[in-house]
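Visitor: What follows is a structure written as structure tokens; I'll ask about it next.
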Amino acid sequence: MAKGAAKRIAGQNERAIKNLRLGMVIPTILSLVLRLLLRRDSLPPSKGSLLIYVLTYLPALFLSRYLENIGTSRRDPTTGALISSGEDLNQPGVTEWSFDVLYVTWACQVGSGAFGEWFWYFYLVYALFKVWTGLVGPFLWPSSSVPPQDDTKKAETSSKRQEKLRKRSERGDQRVRAARK
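For the sequence shown, this note's numbering begins at 926 and goes up steadily by one.
And the structure:
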């Protein structure tokens, strides 16, 4: 069963990495084509717009390489058997944040090609939103989404094995202490 999960993760990661590689090329080409079709007066781009593009492309390039490195599966060169599926690229946390930054960067590239350089302010809006939801908002208004549990509810939801281990630990059983070290 574990091999099946590893193969599933490896397949998902391979598709995600393929999309990452396409995503690093397609928005750039699309931005240039839209600039050529819709905003011919903005060709060649100004130094400021090129600077913004480079300053946002470099972190996107770094994050895409990071995601490729952690998500690439390793296979045996002779048999092709799966050795490691790589990290799951669907996990929350840094991986999810990295994909968010990439998507916002790509949207800003295409949007600046179609609508103008003001579209890069969306990058600033995204950064402010992340700071607000991650730091300021929880600090000012802590959520009480998880109600405190009573001991009776805890006892009802624990399994028989958990109940046995709890009783053993209360008695000071050596087996329980050794397992926790």
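Glycine included, C-beta positions come from ideal geometry on N, C-alpha and C.
Quantities reported herein were computed from a predicted structural model and do not represent experimental measurements.
#1: Might you give, ordered along the chain, the residues of its own chain that have their beta carbon closer than 8 Å to the beta carbon of Arg1000, omitting 5 neighbours on each side?
#2: Going by DSSP in three states, Ser1094 sits in which element: helix, strand or coil?
#3: Pick out whichever of Gly1038, Cys1033, Lys1092, Ala1039 has its Cα sitting closest to the Cα of Tyr1046.
#4: Determine the direct distance from the alpha carbon of Glu939 to that of Ser998, and round the result to whole angstroms.
#5: In this structure, does DSSP put Lys1106 in helix, strand or coil?
#6: Can the beta-carbon of Leu986 be found closer than 7 Å to that of Leu1027?
#7: Counting along the chain, where does the beta strand (DSSP E) carrying Leu988 start and finish?
Guide: Taking the structure as given:
#1: Hits under 8 Å: Ala1006, Leu1007, Ile1008.
#2: helix
#3: Nearest option by C-alpha distance: Cys1033.
#4: 8 Å
#5: Only weak support exists for where Lys1106 lies, its pLDDT of 46 falling under 50; the value from the coordinates is given anyway. Three-state DSSP puts Lys1106 in coil, outside helix and strand.
#6: no
#7: For Leu988, no beta strand (DSSP E) encloses it; the enclosing alpha helix (DSSP H) starts and ends at 972 to 996.
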